[in-house]
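Just so we're on the same page, the working numbering is the position in the sequence shown counted from 1, plus 4.
All C-beta atoms in this analysis are idealised placements derived from N, C-alpha and C, irrespective of residue type, glycine included.
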Amino acid sequence: MKNVIFLAPPAAGKGTFSDYLKTLGYCHYSTGDILREKAKSDTNLANILSSGSLVDDDTILNLIESVLKNHDKKIPFILDGIPRTLQQAKKLDIILNSLGMNHLVAVHIDVEKDILIDRVVGRRICPKCHRSYNVILDGFEPKEEGLCDDCKEPLVQRSDDNLESFEKRYQAYIESTYPIVSYYKEKGSLKVVSNNELDQTSAFEKLRGVVSEY
Ligand code: AMP
């Protein structure tokens, strides 16, 4: 199976798609999750994350390079959250080529903006297992109010899951990330999967086809 890069606006479903691919044997690297973990002991980083701004390219590329150097090549991986800019995409290509990990597909998850807003505002996350819920979308609430179904941990709201921060992250996506879609399209490694429906069965089926193609 191909390595996967997700290109998607905030709350498009990268996490859910990644969970699905993990059931197919994928290893998942989320730059957002890695940075949030680091931010627990780094106030500067915590401030950048809650403002919705991007971390600088060198920091993020060094981070992902060290993660991939330790990755077992036999296992397909997902990069979730990187690249966010065209510059990052080009540098990431160099890293992946040098590590012999360039058998990949860039999956553009396409979702309408109104749907993204509902997902962001209602999103709640388990701080322990990172499972995601939604308190305003039917069928995505936890079984017991405010608690993770699996860990029973109290759910939390990400500090950047508010409208103001969403708008900023969405604009950053339109301005910086969208050109990357064209970049991968020109290279012939782009696939589009739309994820507007609450029932994600057909999106998962499409995704499975995309990652299995040779
Ligand atoms: P995410 O969970 O992917 O929405 O990322 C949360 C935050 O982490 C972003 O708003 C950025 O501040 C930071 N971040 C994650 N990935 C990157 C990246 N590739 N480049 C720069 N900043 C990033």
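| Check | Outcome |
| --- | --- |
| Bridge partners - residue 16, DSSP secondary structure assignment | Paired residues: none, contrary to the question. |
| Beta carbon of residue 173 nearer than 8 Å to that of residue 85 | no |
| Contact belief for residue 199 with residue 16 at Cβ below 8 Å, rounded distance in angstroms | 6 Å |
| Beta carbon of residue 162 nearer than 8 Å to that of residue 127 | yes |
| Helix, strand or coil at residue 51 [DSSP, three-state] | helix |
| Minimum C-alpha distance to residue 11 - residue among 165, 155, 82 and 148 | 82 |
| 8 Å Cβ cutoff met for residue 21 and residue 113 | yes |
| beta-carbon residue 47 near the ligand AMP non-hydrogen atom, thresh 7 Å | no |
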